[in-house]
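Going by the UniProt record's numbering, the sequence shown runs without a break in its numbering and finishes at 317. Here's the structure, in structure tokens; my notes come after.
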Amino acid sequence: KARASSIAYGKLILNGEHAVVFDRPALAVPINSLQTKVFITEQSRKGIYLKSKYFFGNLEDCKNILPSLYALIKEFLIYIENPQANFQVNIESSIPEASGLGSSAAVAWSLANALNRYFGTSLNKEELYRFANISEEIVHTNPSGLDLITSSSATPVIFQKNKKAAKLQVASDLKGFIVIATTPKHGLTKNAVMQVAKSAQMHPFLYENYFNQIENITTNAIEHLTSGNLSAFGNDLTENQKVLAKMHLSTPKIDELLTLARNNGSLGAKITGSGLGGSIFALTENYPDAVKLEQLFCQAAANFTHIIALKEYTN
Ligand code: MEV
């Protein structure tokens, strides 16, 4: 029986979310320890079946439950002119959903890639992004593409819309740890992006100014990671958060977690992803500080926490 599979990673935006939708650069890393896996196996029974945490059954019955994945698979089948195929798609993921950590992009990318492998269609990365983007457009309305690029990357990325993504060369002796904490409220990217778009329309000069400030911070952060200046990078995170807060993307819970980070030895902390819920992360110099902070985040009722060593990204 024919079979194929693919994986994709969680993503962490270090700097530049939201501004990236307005053509500014952003900086993001894949989270290799959080993954989505898609397995496709040929079936003797007729039809297409989908199995995920939320749904198990015939593809036709998931149209309303998982419209984004439904649309992606349907469009792929139309493309290969083979609507008679009989197979089952299994989706497994350790990335928490709607938390700003790229779960939807990881599913979309690994699904498009697994379909490509299963049908031997030899699509290149650009073409696969276009298929994965069918799903992302339904989830997010106006995705910048940053999430898809990062969740399919093996290295940190510098991304700008309509430009080829560049690799970020992190200093080889860079130490430091990132502690992620997810607030109980889902971060709905669609709503956050819409809120920013409306505000930018109402106050174009102010928001241009915010986006320019974020662009400057992102440029500084790239330099500080390249040269290995951890405390300066921490400061970039704090500065970035100040702008995101002015854009009304914080919530009381986000502010509570950020204050905990600030008062407990973190070098800097900010929202990651869309905000209005979802996740934050804090930077620490050493592992014990990271663990202490993770404990405090748990005590403050974080939904999910995760520690990443920056060393993972050093070559
Ligand atoms: C969401 O992960 C990141 C945003 O910048 C939206 C996007 O880039 O499409 C908020």
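We put the beta carbon where it would ideally sit given N, CA and C, even for glycine. Everything numeric in this text was worked out from a predicted model, so none of it was measured.
Can the beta-carbon of residue i be found closer than 8 angstroms to that of residue j?
i, j, result
"H188", "G279", "yes"
"G267", "T253", "no"
"A183", "S7", "no"
"I82", "T123", "yes"
"I75", "V40", "no"
"K53", "N88", "no"
"V245", "Y209", "no"
"residue 2", "S46", "Coverage of the chain is limited to positions 3 through 317, which leaves residue 2 absent and any answer about it impossible."
"N288", "S174", "no"
"A271", "T307", "no"
"I224", "L14", "no"
"I160", "V91", "no"
"L260", "F299", "no"
"A302", "F179", "no"
What is the C-beta distance between residue i and residue j, in whole angstroms, given that I count them as a contact (C-beta under 8 angstroms)?
i, j, result
"E314", "N34", "7 angstroms"
"V181", "E296", "5 angstroms"
"L269", "G230", "Actually they are not in contact, since the Cβ atoms of L269 and G230 sit about 13 angstroms apart, beyond 8 angstroms."
"T185", "A284", "Not quite, the Cβ-Cβ distance comes to about 13 angstroms (not below 8 angstroms), so this is no contact."
Decide if residue i is buried, meaning its Cβ has at least 16 other Cβ atoms within 10 Å, or exposed.
i, result
"D25", "exposed"
"G275", "buried"
"H250", "exposed"
"T191", "buried"
"C64", "buried"
"P158", "buried"
"N164", "exposed"
"P206", "exposed"
"F121", "buried"
"residue 333", "Residue 333 cannot be examined here, being either before or after the span of the chain that is shown, 3 to 317."
"Q203", "exposed"
"Y56", "exposed"
"Q243", "buried"
"S146", "buried"
"T220", "buried"
"Q162", "buried"
"K3", "exposed"
"N265", "exposed"
"K200", "exposed"
Per DSSP, which one or two residues make a beta bridge with residue i?
i, result
"N92", "F41, K53"
"H308", "I182"
"T274", "S281"
"N60", "Y51"
Going along the chain, which residues of its own chain have a beta-carbon closer than 6 angstroms to the beta-carbon of residue i, five neighbours each way excluded?
i, result
"A10", "T38, A108, W111, S112, S153, S154"
"D291", "G267"
"H20", "V198"
"residue 391", "Any question about residue 391 goes unanswered here, given that the chain covers just 3 to 317."
Can you list, in chain order, the residues of its chain with a C-beta nearer than 7 angstroms to that of residue i? Leave out the 5 residues immediately preceding and following it.
i, result
"N144", "V23, V195"
"G102", "G189, T274, G275, S276, G280, S281"
Enumerate in chain order the residues of its own chain whose CB-to-CB distance from residue i is below 8 angstroms, with the five nearest sequence positions on each side excluded.
i, result
"L150", "A107, A110, W111, Y131, A134, N135, E138"
"Y51", "Q45, F58, G59, N60, L61, F89, Q90, V91"
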